[in-house]
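Okay, structure first, notes after.
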Amino acid sequence: MNINAIADAAKVSPQRTILASHPKKPRADSTLFLSRSVSANLHGGQHHTVVGVHIVLAAGNPNGLWEEFHIDRAAQKHNASQQKKDDRTFLMATRSLTICCDTLEIHGAFCLPEADVAIYARRLIWATENAGINTSPLPWDIPKAPDAAGATPGENGANGRHAGSLKIMVAEITSPGIGIPRLIALGGRGQDPGNGLNGQPGKSMPGIKSASFEAHNLVGVSNTLQVDFSPPAVYINAKWYLGGSAVGIPLLSDPRGTNSFPTDGTHAVAPGTPGNGGNGGRLTTNSATVAAGFKSDGGTAGKTAPNCRGGEAGTPATSAAYDLYMYFFPWKSTNKPNHDKNKKKPDHTTRKGNDAPARPAAIGAGTRADPVLIECANAWLHPLSLQIVIEFARELFLAGDRLPVQALLENYAEGLALPIPKSTKNQADSPWDNVPASQWTAAQTEIASMLQRLRAQLDYFGNPAGYTPLLSLQGSIKLYQGATRRALRTMLLAEWVNDETHKADQAVALFEDLIDDTVQDTTQAVDQVLTAEKKINQVTQELDGLEQNLTTIGVELDEKRTELLGQAETTKEQQALIKFSIKMAGAICQIIPVGQPALAAVGSLAGVSADLIGSDPESAPDTISKMGGTITKAREAANKSREASKKSVQEAKKGKPGDAAAASESALAMNQALDGLGPALTQLSGAVSALQVSQTEVEAELQRLEANCPELQLLLQEIRDLNARKMVLFDKLAVAFHALGAGYARLAFNAAAIVSMQQEKGKQLSRIDHEASLFVRQLGRRSRLTLLQYLYYMVKAYETTLLQPLDDVDWQLTRVTAKINELLKEAKGFDGATLEEKARTLEVLFEENIDLIRQKLLTDASQLGEVTAPRTLYLSTTQTPADLEALHRFGEVEIDPFAYGFVDARTQLARLSDADLEAVLFDPDKPQLPEGSQVIVDLIPSNSGTLRRAETLCAVYSDAPIRWNWTCSGAKIAKSLPSKGAEDLLDFILGENSDKIRQKIARPPFWSGFTIRARYLPPLANDKKPYITNLHFKFSTDVTAAPDHQSVLIVHPSGPSADSVVDCTPKDLAGREAGIGHFMRIYNQGADIQLTASAATNGTRFDHWQLIDAGLPDIYEPYTGKIRLKNDVIAQGYWARARDQVARFNVLGLLSPAQLDDLAGTCPDDLRDALPRHTAAAYNWENLGFTAALPEEPGQPIRVEARPDASIVGCIPPGEEADLLQAGVDGWQEVNYRGISGWIHHNG
């Protein structure tokens, strides 16, 4: 037998368990931790933000995110026609999606065409082989634009849409494979254009280069004529006359050809232009792994359409129509009769239609964006997800899942230890830019605090296992009710403020979008103004040339007038016709023809020309006066527009004004720049309108003038050409000035609109104080924590009062949050009355937790059977000399509840409700208490104690258990009472009606260690202090009866056995087996138990068991004790030092107890003081290595009451003496043995 073997404590079962009620463990992917917000975009689409802890993107997941955001690329296509109406219009429902979470888990290819996707996640899980995110645009609904129809060109192909951008900030990535592209952001393909149409060939006609004509009379005279025509004739108005001129007698008509001309080939109708390829999306990330799986090629442009040819010109290319007047010579036949050949009109030339070559895409393929990699390890941290993860960690901590929450928080602590991720050149929009640094610091502090509590084995609220609140269950319920009323009002108000702030934030964001869009429109308006200005300059230069041409043709008309009037053969009627024709031709030079049909009424030729012809028929033709004035007005308008353009463009290019004041200043400058332009344009348009006449009417008049005065044919053709130029120039001028006016109108309107929007934005901003709203949100969170804390106090008070878990309470307050949101939808605002009304609605939900406790108490009536039982503690120099020596020397002594018989096996839930110090005695042979001095005795329960309920032994802990103290002066003992101030504070904590609670403070477990202190006032030196010989305490304990069907086994070691392990089989009802030191096990009555002590360990040797049963005689067994538990049993184990086993028997046989005491006197004093809780004789025997012989008689059981069936709390070994406290009846005596006080039956 190796007496130096070390006891194996690994198999020792914990004596006590921890009772801890926990809410249900929260799921990280629960929708309870999922929040979503959305805001609209000006040009379509919505901005979504999703915040959660563990977000799963998978079809069919309860969060519904896949169904809301994912687009099936095979089932949906883009509408190309809608795209071409306004390429700024966003065609998809989701404009952007920001996901902020701890873990993002993606199943399958998540498709968000063109959406900007931002992900901030600590961990990104590609859960399937095909998992990924695709922001490439959808294909077009039709791959090719409509072809040309009639004169309408083929439509341009729609430009390929750009892929959405990606921002992926992560710390960890989990993927089932490597080298798989996970992020796809390909530019869209440009749509193919519509095809054009080839031009139709012009009408061709037979060209007559030479023709023969013949006429006969009745007498057989024949006239023949061969006539050549150059250019070839398509029509010959051939007539024979009798006589020498066309005024002779007509004989016959011999027309040739058709009275029309060949036509031009029609122009080809142009094909459309292919759409440009869309750009690939850009990726910004802090992970090289993410960047490696990114594809962002630009889209290809649409295919170029085939070229289209113009129609061939009709033939002959140059032709004419002729009048051929032939004069018949009746006297003899001839082949050269006289004739006149004149062209009816100038030569007619046909042209080939213009070709329409196909144009390639203006830009071509889209660009590919290389990923941007930023060096920021903690860029995945986002203020929104950080807050919700902390809330989740709190819920997980409260649920008791300590290892996962610790691992989670350690990741965040590591990220928060780095600098705050702010904007850089590559990351221009960090989510932390506008967040107060205090929020980062607050998160650091809260996470560090939770980690500290986890590592220190404390619960969420910083308390150790088994924590008991200061207040009783009744007091905790009252505290919870009061805290509920206060916290709910704060939570309700905070949520309302947050809701209003969010609405204002959304309004500000909308106005910001509107302002940005208006600034963008202003930029486009500037381009429009500059383009129009360029066209106006070109037109005014051409108008200068037109003005010169009109002056020249006026001179030519005047010269022709002189020429025609100077011919001698003209009659007065012919002269009048010539004068009118010349004047009318001059008037037509000033008219602006308008093509028909016109959108508005134009002047008549007669009305407009009357003023231009004038009343003097002799005056020279006027080709310039009115038109010159109109051209001058055009120049003035152009000059004014140049001035306005310079100033307004300069102002517009300043960009976005910072606030309403800057916007107003910009608008004023814009108005000043445009001042006077409107009147100039009005005068020009009026002058042009006064000269406008239908082109049809002008052409008819020109043809009439040609017929009346063929000599003007060439000049009239020149006037036609000038009119055609005039139409084009003034059309260009009108279009340019319209574009200019529209551009200036946009500039002026936008400037005014920005002023209005900046002002409205300012109003919304004035409603927002982000620091204040952050403070209010913090108040709301604190109120929520307050509710949780007081609920925690109530639950802990319930647990430690009834030793029952309370798992059915609503820790997460989810229904409360939902109800708050419901109330906010109903409320239009808050005042005091409204707040009270809404808060009362919420209080009902919290009363359910109290109702739950009420139901539990009704179900478990054990607490209602609680009684108060007296117990005593005696310390004396005869029974506990070491304790009183320690009290004298050190001022305090520890009392073990097991060693001092506090454990009553027949009771449970034992609590100390009161204590009284009955007596303090001093050694008369030692210094006495000086006059005027006092000794103060404190009784301080340990912070940790034990409560029993049935077979469960629970460890409970209190920060500040009730303590008692007494002041002793002479023979008087005065008990200290709580001060009025302390009572007032307690009433203040509990609130209204606290006086109705009789037990306000939680009572400590009676099965606790106690510290007894003795202090002297004024302080005395050790050699001057009185020596206390006796302390007598009387306790009031509140207990309930233990279950009758259970029996308790209490093991008490005796001798040097503090670390000796005792096997106890089988397991008791709570699963406990082996124990060490003082311990207890609880079984059903009648259970067969076996106790086995190690034969020798740690220098000690086990000697024997003494088993004390309330209904059986004592049993003595070496090493192993076999017990049938019909009642409660105390198993007293005896150990001895085992230095020399032989000496044990020899000494025991030679020395009497008195001789042993004499021998003990030779022990050094320092050894005598080493073991304080044994009698001198027992102490000396043990230190000398001796033990007593096996007792011949059983020990005397000590019972809590003077009844034979009362619980046994200790035993007086044979040969030991107890102090008699009082004699009872029927042989019962109250005794004190080594601090265990109770009743023994004398001689029985």
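Counting from 16, one number per residue, gives the positions in the sequence shown under our numbering.
Glycine included, every Cβ here is placed at the ideal spot set by N, Cα and C.
Distance between beta carbons of residue j and residue i, contact taken as under 8 Å
i: D207; j: A160; result: 7 Å
i: A649; j: T555; result: 6 Å
i: G292; j: A316; result: 5 Å
i: R576; j: I597; result: 4 Å
i: K811; j: Y475; result: Not quite, the Cβ-Cβ distance comes to about 11 Å (not below 8 Å), so this is no contact.
Proximity winner among the options, relative to residue i (alpha-carbon distances)
i: G1092; options: D911, P196, G326; result: D911
i: D9; options: V935, R921, R1028; result: Outside the displayed range of the chain (16 to 1259) lies residue 9, so it cannot be described from this structure.
i: D1083; options: W1150, D1103, V1076; result: D1103
i: A336; options: D243, A1017, D131; result: D243
i: E1231; options: V1224, A1221, Y1248, R1218; result: Y1248
i: V1261; options: I114, D1241, I1145; result: The shown model of the chain, from 16 to 1259, leaves out residue 1261, and the question about it has no answer.
i: I1227; options: V1240, A376, H1256; result: H1256
i: P885; options: E814, F1050, Q563; result: F1050
i: N654; options: S634, P446, S948, A547; result: A547
i: N958; options: Y972, R964, L1032, V908; result: Y972
i: A1217; options: L1236, E1245, P1229, A1233; result: E1245
i: T150; options: N864, A124, Q707; result: A124
i: P956; options: L944, S348, S928; result: S928
i: I1138; options: G214, Y1149, D1124; result: D1124
i: F309; options: P1071, A384, S268; result: A384
i: I378; options: S438, G205, K437; result: G205
i: A1262; options: K741, Y1042, Y1098, E144; result: The chain is shown from 16 up to 1259; residue 1262 falls before or after that span and cannot be answered.
Extent of the continuous beta strand (DSSP E) run through residue i
i: N723; result: Looking at the DSSP string, N723 is not in any beta strand (DSSP E); the run it does join, the alpha helix (DSSP H), is 710-723.
i: N1247; result: 1243-1248
i: E429; result: E429 -> not in any beta strand (DSSP E); alpha helix (DSSP H) instead, spanning 417-431.
i: P956; result: 949-964
i: D474; result: Careful: D474 lies outside any beta strand (DSSP E) and carries neither H nor E.
i: A1108; result: 1102-1108
i: L240; result: 237-257
i: D1078; result: 1076-1080
Residue j beta carbon less than 8 Å from that of residue i
i: A178; j: A200; result: yes
i: L388; j: A303; result: yes
i: P331; j: G222; result: yes
i: I183; j: V305; result: yes
i: V236; j: G272; result: no
i: G329; j: G368; result: no
i: G67; j: C126; result: no
i: D1143; j: S1252; result: no
i: G601; j: G644; result: no
i: W981; j: L932; result: yes
i: N1045; j: L936; result: yes
i: P289; j: G172; result: yes
i: P265; j: S334; result: no
i: A970; j: S1222; result: no
Residue(s) in a DSSP beta bridge with residue i
i: A133; result: T113, K182
i: C1226; result: P1212
i: N980; result: D953
i: W447; result: DSSP lists no partner for W447.
i: Q1237; result: E1245
Residue interval of the alpha helix (DSSP H) (run including residue i)
i: G601; result: 587-605
i: V305; result: 303-307
i: W81; result: 80-84
i: I1255; result: Careful: I1255 lies outside any alpha helix (DSSP H), inside the beta strand (DSSP E) at 1251-1256.
i: A914; result: Run containing A914: none; DSSP gives neither H nor E here.
i: F412; result: 398-413
i: D898; result: 896-905
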